[in-house]
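S.K.: This is the structure I want to talk about, given as structure tokens.
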Amino acid sequence: MAQRGQDRRAEETEEQRNSRLSDMAQRGQERRAEETEEQRNRRLAVMGQRSQQRRAEETEEQRKENTFWAERNVYVSDNIPIILEGGRTAHSRLKLPVSILDNSSCRIRHNTGDGRFLKAAKLIIWDECTITPHHALSAVDRLLRDLMNFDLPFVGKVFVLGDYWRQILPVAVYANRTTIIETCLKNSPLWSTFKQFSLLRNMRTEPDEQDFTNWLLHLGNGSLANNCQLGEDIVEIHEECVVRDSIVDEMFGSSVTDMENLSEKPFFLSQE
Numbered sequence: 001m002a003q004r005g006q007d008r009r010a011e012e013t014e015e016q017r018n019s020r021l022s023d024m025a026q027r028g029q030e031r032r033a034e035e036t037e038e039q040r041n042r043r044l045a046v047m048g049q050r051s052q053q054r055r056a057e058e059t060e061e062q063r064k065e066n067t068f069w070a071e072r073n074v075y076v077s078d079n080i081p082i083i084l085e086g087g088r089t090a091h092s093r094l095k096l097p098v099s100i101l102d103n104s105s106c107r108i109r110h111n112t113g114d115g116r117f118l119k120a121a122k123l124i125i126w127d128e129c130t131i132t133p134h135h136a137l138s139a140v141d142r143l144l145r146d147l148m149n150f151d152l153p154f155v156g157k158v159f160v161l162g163d164y165w166r167q168i169l170p171v172a173v174y175a176n177r178t179t180i181i182e183t184c185l186k187n188s189p190l191w192s193t194f195k196q197f198s199l200l201r202n203m204r205t206e207p208d209e210q211d212f213t214n215w216l217l218h219l220g221n222g223s224l225a226n227n228c229q230l231g232e233d234i235v236e237i238h239e240e241c242v243v244r245d246s247i248v249d250e251m252f253g254s255s256v257t258d259m260e261n262l263s264e265k266p267f268f269l270s271q272e
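Under the UniProt record's numbering, think of the first position of the sequence shown as 1, with each following residue one higher.
Given below as structure tokens:
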């Protein structure tokens, strides 16, 4: 039966695969909505017993291979994937299509290196997630359910999203503000499965820069005073943040030629 199932999955078209995964997700949500607390506890207990049985039956070679993959937890980012060793962009690691739609799927199969990597991973960290459309989260959820053949959000793996909602939102071509907000992760049907933690202290400002910290919060909240009747897409910058001469001299001074100490200089780069 397992072999026939693999053969059918190998022969199915992209549309058939997306339809199958969507039906699986829908049936799983309906079953979880109807089950009682006792049924849920019994299901989780069976899951734990099956996991223990698989570990007890695996050979030493299989155990070593699983340990090898499990030690490589997944770090992906939509912006800066090189902060952590082994980090990749979400599109690269999860094989997401460039244009993500509501029926998009990740191009990863069972018996591939990427498939085994995701099966064994215990922790998935998705950084810079606020610029990700919520359809991407659904595509990854369907991928994991298909790989693990298990009907649970992200098949029970620890899934960590990290970013700052006052920064850049998803890019929607020719879209208005309402459409852009609708594409955010907070509008994903999976958002309710996450537990939210808020960081309250800005670690990038000094204690004596409280005015600048407050200004950044107002900027992110869209609540800056607009005494000059500027357009809603124009922001008035503090005078002390404006560089009128050479930005190189302003940021580095004479130390720009001191290559040994250059790495100790904190700075921001901006691209027009």
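Each residue gets a CB set at the ideal place from its N, CA and C atoms; glycine is no exception.
Can you tell me whether V46 is helix, strand or coil according to DSSP?
M.R.: Position 46 of the sequence shown, counted from the first residue, corresponds to residue 46. Helix.
S.K.: On the three-state DSSP scale, how would you describe F159?
M.R.: By 1-based counting over the sequence shown, the position of residue 159 is 159. Residue state, collapsed to three classes: strand.
S.K.: Apply the 10 Å Cβ neighbour rule to A225 and answer buried if 16 or more other Cβ atoms are within range, or exposed otherwise.
M.R.: Counting from 1 along the sequence shown, the entry for residue 225 is found at position 225. Counting Cβ neighbours within 10 Å, A225 comes out exposed, since fewer than 16 surround it.
S.K.: Could you tell me which residues DSSP puts in a beta bridge with T213?
M.R.: Counting from 1 along the sequence shown, the entry for residue 213 is found at position 213. Note: T213 sits in no beta bridge, so no partner.
S.K.: On the criterion of 16 or more Cβ atoms from any shown chain inside 10 Å, does D146 qualify as buried, or is it exposed?
M.R.: Translated into the one-based positions of the sequence shown, residue 146 becomes position 146. By the neighbour-count rule (16 or more Cβ atoms within 10 Å), D146 is buried.
S.K.: Measuring alpha carbon to alpha carbon, tell me which of E30, I234, E250, D233 ends up nearest E240.
M.R.: As a first step, residue 240 must be located in the sequence shown, where it is residue number 240. Measuring from the Cα of E240, the nearest candidate turns out to be E250.
S.K.: Have a look at T183 and A121 and give me their C-alpha separation to the nearest angstrom.
M.R.: For the purposes of this step, residue 183 is taken as residue 183 along the sequence shown, with counting starting at 1. For the purposes of this step, residue 121 is taken as residue 121 along the sequence shown, with counting starting at 1. Between T183 and A121, the C-alpha separation is close to 28 Å.
S.K.: Please report the straight-line C-alpha distance between A136 and N187, rounded to a whole angstrom.
M.R.: By one-based count along the sequence shown, residue 136 stands at place 136. By one-based count along the sequence shown, residue 187 stands at place 187. If you take the alpha carbons of A136 and N187, they lie about 12 Å apart.
S.K.: Report the three-state DSSP secondary structure of R201 (helix, strand or coil).
M.R.: Against the sequence shown, residue 201 aligns to sequence position 201. Three-state result, R201: coil.
S.K.: Pop quiz: T193 and P153 are said to be a contact at Cβ under 8 Å. What is the actual Cβ separation, rounded to whole angstroms?
M.R.: Within the sequence shown, numbered from 1, the residue matching residue 193 stands at position 193. Within the sequence shown, numbered from 1, the residue matching residue 153 stands at position 153. At roughly 5 Å, the Cβ-Cβ gap stays under 8 Å, so T193 and P153 are in contact.
S.K.: Pull up the distance between the alpha-carbon of R142 and that of S105, whole angstroms please.
M.R.: Residue 142 sits at position 142 when you count from the first residue of the sequence shown. Residue 105 sits at position 105 when you count from the first residue of the sequence shown. Straight-line Cα distance between these residues: approximately 8 Å.
S.K.: For a quick check, are the C-beta atoms of I180 and L190 less than 8 Å apart?
M.R.: As a position in the sequence shown, residue 180 is number 180, starting the count at 1. As a position in the sequence shown, residue 190 is number 190, starting the count at 1. No, the Cβ-Cβ distance between I180 and L190 is not below 8 Å.
S.K.: Identify the continuous alpha helix (DSSP H) that holds V140 and give its terminal residues.
M.R.: For the purposes of this step, residue 140 is taken as the residue at position 140 of the sequence shown. Where V140 is concerned, the enclosing alpha helix (DSSP H) stretches over 134-148.
S.K.: Whole angstroms are fine: how far does the CA of W165 sit from the CA of L219?
M.R.: In the sequence shown, residue 219 corresponds to position 219, counting from 1. In the sequence shown, residue 165 corresponds to position 165, counting from 1. Looking at the two C-alpha atoms, the distance is approximately 12 Å.
S.K.: Count the other CB atoms within 10 Å of the CB of T130; is the residue buried (16 or more) or exposed (fewer)?
M.R.: Locating residue 130 in the sequence shown gives position 130, counting from the first residue. T130 comes out buried.
S.K.: List the endpoints of the continuous alpha helix (DSSP H) containing D114.
M.R.: Position 114 of the sequence shown, counting from 1, holds the residue named residue 114. For D114, the enclosing alpha helix (DSSP H) starts and ends at 113-120.
S.K.: From what residue to what residue does the alpha helix (DSSP H) around T179 run?
M.R.: Stepping through the sequence shown from its first residue, residue 179 is reached at position 179. Where T179 is concerned, the enclosing alpha helix (DSSP H) stretches over 177-182.
S.K.: Looking only at its own chain, which residues have a Cβ that is under 8 Å from the Cβ of E35, when we skip the five neighbours before and after it?
M.R.: Looking up residue 35 in the sequence shown gives position 35. Taken in chain order, the residues that qualify are R43.
S.K.: Within 10 angstroms of its Cβ, does S19 collect 16 or more other Cβ (buried), or is it exposed?
M.R.: In the sequence shown, counting from the first residue as 1, residue 19 sits at position 19. Burial call: exposed.
S.K.: Would I125 pass as a contact of L118 if the rule is Cβ separation under 8 Å?
M.R.: Within the sequence shown, the letter at position 125 stands for residue 125. Within the sequence shown, the letter at position 118 stands for residue 118. In this structure, L118 does not lie closer than 8 Å to I125 by Cβ.
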